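S.K.:
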Amino acid sequence: MNTYKKAFENSNVGDILYDEPMKNHTTFKIGGNCDVMIIPTTQEQIIEALKIIKANQFDFRVIGNGSNLLVSDDGLREVVIKLHDNFNKVDIKDDVMIAQSGALLSNVSKLAINNSYKGFEPVSGIPGDIGGAITMNAGAYGTEIKDIVNKVKVIDSDLNIKEFICEEMEFSYRHSRVQDEKLIVLEAEFLLEKGDKEEILHNFHDFTQRRTSKQPLDLPSCGSVFKRPEGHFAGQLIDEAGLRGYRYNDAMVSEKHCGFIVNVGNATCNDVVCVIKYVQDKVYEKFNIKLEPEVRIIGGK
Ligand SMILES: Cc1cc2nc3c(=O)[nH]c(=O)nc-3n(C[C@H](O)[C@H](O)[C@H](O)COP(=O)(O)OP(=O)(O)OC[C@H]3O[C@@H](n4cnc5c(N)ncnc54)[C@H](O)[C@@H]3O)c2cc1C
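Printed below as a string of structure tokens:
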């Protein structure tokens, strides 16, 4: 901790939190403390933080809304950079929308929908921000981020600002080059297309209704824990393996949607990992199918 304090002393990187509980920054409400969290307010402060990180050979990680993170109970021995709230500007001009990485996908979608632009309805309920959604190529109901984004602005590992068109982002199922190259997403550009307002609103309400009726949104979770195995649905396999409601301490396979593990009280990362492993074993035993986590499990020794 003192090494971090020394390195960031008198720096201009924005707010600095030491020994910060990660459970306050994840939708699972789980996670030990990170040694240091930097919350910049400008691009210059991000770069300044990265220069200090590089000079001191620290590990680092950027987080968004923490809706796809399962953080170890031992916390994180690295610099966490949180862009979320301070980078949430969205602009629309001449049918082009530019959204900063911290803007929530739900807010970006609503802005598009309210201005009669189509295409965002299926992804409007994903609780991530633009940075997280680009990193994960988030998607729902047949539409992924790769289907609607035009360009992405990033900082690369040499601290250069670069722009990639969609085809250069190497998007695939829940994956993009951001993950491989440790890029930092700054903003995304969307080319907008007008549609029929009534139809757009109808679709939006339909997708919202499907989500609220099928997902346990009243309990902390990270959404679908597992990637969709080809030709199957993880939730269905878990249900058919008899695991609906399977519980270890306060981590439980959701009764409402078996693809979700919910935190029904004070679940730890270890509790969730135990449920994940049990589910993987049972599904493999019964169907010979390996379930791969979609949630990013981070930290630990
Ligand atoms: C109730 C619920 C429902 C969900 N439904 C869906 C769904 O329908 N479809 C779906 O795809 N996902 C879904 N998710 C999962 C999650 O919302 C998505 O993966 C989302 O894209 C994660 O965004 P985030 O901002 O929360 O990212 P985080 O969870 O904070 O981070 C995810 C990854 O992105 C990286 N990252 C975040 N921001 C940046 C940045 N600016 N630059 C570089 N790297 C960055 C992080 O390091 C991490 O590796 C759901 C989650 C919940 C809780």
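Residue numbers for the sequence shown follow the working numbering, beginning at 97 and rising by one. Using N, Cα and C, we set each Cβ at its ideal position, and we do this for glycine too. For clarity, every value in this text was computed on a predicted model and none was experimentally measured.
By DSSP's criteria, Glu285 is part of a beta bridge. Which residues make up the other side?
M.R.: One-based indexing of the sequence shown puts residue 285 at position 189. Ile194, Lys247.
S.K.: Let me know the alpha helix (DSSP H) ranges lying completely inside the segment 105–170, each 4 residues or longer, listed in chain order.
M.R.: The qualifying runs are 139–151.
S.K.: Do Val379 and Ile357 count as a contact pair if the criterion is CB distance below 8 Å?
M.R.: Within the sequence shown, the letter at position 261 stands for residue 357. Within the sequence shown, the letter at position 283 stands for residue 379. Their beta carbons are not under 8 Å apart, which means Ile357 does not touch Val379 by this criterion.
S.K.: Distance, Cα to Cα, Gly327 vs Leu333?
M.R.: Sequence index remark: in the sequence shown, residue 327 carries index 231 (1-based). Sequence index remark: in the sequence shown, residue 333 carries index 237 (1-based). One C-alpha to the other measures close to 11 Å.
S.K.: Just how far apart, CA to CA, sit Thr239 and Val219?
M.R.: In the sequence shown, residue 239 corresponds to position 143, counting from 1. In the sequence shown, residue 219 corresponds to position 123, counting from 1. So the two alpha carbons sit approximately 7 Å from each other.
S.K.: Within the present structure, is the beta-carbon of Asp225 separated from the nearest heavy atom of ligand 1 by less than 7 Å?
M.R.: Here residue 225 corresponds to residue number 129 of the sequence shown, with the count starting at 1. At least one heavy atom of ligand 1 is nearer than 7 Å to the Cβ of Asp225, so yes.
S.K.: Let me confirm a value: Asp225 is counted as buried when at least 16 other C-beta atoms fall within 10 Å, else exposed. Which label applies?
M.R.: As a working mapping, residue 225 is identified with position 129 in the sequence shown. Asp225 is buried by the Cβ-count criterion.
S.K.: Met118: which of Gly110, Asp111, Gly127 sits nearest, CA to CA?
M.R.: By one-based count along the sequence shown, residue 118 stands at place 22. Out of Gly110, Asp111, Gly127, Gly127 has the C-alpha closest to the C-alpha of Met118.
S.K.: Excluding the five sequence neighbours on either side, which residues of its own chain have a C-beta within less than 8 Å of the C-beta of Thr231, listed in chain order?
M.R.: Start at 1 with the first residue of the sequence shown, and residue 231 comes out as number 135. If we look at Thr231 and ignore the five residues flanking it on each side, its Cβ neighbours are Gly160, Ser272, Val274, Gln275, Val281.
S.K.: What is the DSSP secondary structure of Lys378, counted as helix, strand or coil?
M.R.: By one-based count along the sequence shown, residue 378 stands at place 282. Helix.
S.K.: Is there contact between the segment 360–380 and the segment 334–348, where contact requires at least three CB pairs shorter than 8 Å?
M.R.: The segment 360–380, when compared against the segment 334–348, does touch it at the 8 Å Cβ threshold.
S.K.: Cβ of Cys318 within 7 Å of any heavy atom in ligand 1?
M.R.: Along the sequence shown, read from residue 1 onward, the residue named residue 318 stands at position 222. Checking the Cβ of Cys318 against ligand 1 gives yes.
S.K.: Have a look at Asp367 and Asp169 and give me their C-alpha separation to the nearest angstrom.
M.R.: Within the sequence shown, residue 367 is the residue found at index 271, counting from 1. Within the sequence shown, residue 169 is the residue found at index 73, counting from 1. C-alpha separation (whole angstroms): 10 Å.
S.K.: Does ligand 1 have a heavy atom nearer than 7 Å to the CB of Leu146?
M.R.: The count along the sequence shown starts at 1 and reaches residue 146 at position 50. Outside the cutoff, so no.
S.K.: Check whether the segment 172–185 and the segment 206–214 are in contact - that is, three or more C-beta pairs closer than 8 Å.
M.R.: No: fewer than three Cβ pairs fall under 8 Å.
S.K.: Out of Ser309, Ile135, Gly110, which has the shortest C-alpha to C-alpha gap to His121?
M.R.: For the purposes of this step, residue 121 is taken as the residue at position 25 of the sequence shown. That would be Ile135, whose Cα lies nearest to the Cα of His121.
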